[in-house]
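K.L.:
Let me give you the structure first, and then I'll get to my questions.
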């Protein structure tokens, strides 16, 4: 199944200050996710951002909040974004089929959200190199579970070029600069 730009939205889950330093390979995760966000913004996709229990975990990390400054985060207490009423309302407004997901932790909030999105009729697309957990094994098992549930697994470079579709365009040139 091809993922198309007209039917896609982006969900950035809980990449927050107090948890982030404990995430496996967090520096690479930040770089990858920043490229993903910049690329998807250049393709003009709509974004939803969540933050889990801000009082305890802080806000979205600065490197990402700087590129997402025009968006307000939806605070949640539930692990699955879909269990947060305000998230559900915002998601419905977007009226998109494909939900492209980056975030932490892969085996908790990302996994539960992806499964719930699938059950609600959306197609979750998890960007493997833009999700992580404290433990590499937890991430790996979560990716396996998501695949079993029908979630599409991709990488930031692959999804950016899949959505771009054609070379030689201004959008292609913008994406190419980002991934080099």
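Residue numbers (the numbering used here): 1398 to 1577. Even for Gly, the Cβ is constructed at its ideal location relative to N, Cα and C.
When we look at the beta-carbon of residue 1543 and count the other beta-carbons within 10 Å, is it buried (16 or more) or exposed?
P.N.:
It counts as buried.
K.L.:
State the start and end residues of the unbroken alpha helix (DSSP H) segment that holds residue 1356.
P.N.:
Residue 1356 is absent from the model: the chain starts at 1398 and stops at 1577.
K.L.:
Count the other C-beta atoms from every protein chain shown that fall within 10 angstroms of the C-beta of residue 1529, then say buried if there are 16 or more, exposed otherwise.
P.N.:
Classification for residue 1529: buried.
K.L.:
List the whole-angstrom C-beta distance separating residue 1501 from residue 1420, where the pair is believed to meet the contact cut-off of C-beta under 8 Å.
P.N.:
At roughly 5 Å, the Cβ-Cβ gap stays under 8 Å, so residue 1501 and residue 1420 are in contact.
K.L.:
Look at the alpha carbon of residue 1459 and the alpha carbon of residue 1498, and state the distance between them as a whole number of angstroms.
P.N.:
Going by the C-alpha atoms only, they are around 19 Å apart.
K.L.:
If distances are taken between C-alpha atoms only, which option among 1495, 1426 and 1418 comes closest to residue 1445?
P.N.:
Among 1495, 1426 and 1418, the Cα nearest to that of residue 1445 belongs to 1495.
K.L.:
By Cβ distance, which residues of its chain are closer than 7 Å to residue 1659, with the 5 residues on each side in sequence left out?
P.N.:
The chain is shown from 1398 up to 1577; residue 1659 falls before or after that span and cannot be answered.
K.L.:
Using 8 Å as the threshold, is the region 1530-1540 in touch with the region 1551-1563, meaning 3 or more CB pairs across them?
P.N.:
Contact fails: fewer than three Cβ-Cβ distances are below 8 Å.
K.L.:
Alpha carbon to alpha carbon, how far is residue 1548 from residue 1567?
P.N.:
Answer to the nearest angstrom: the Cα atoms are 30 Å apart.
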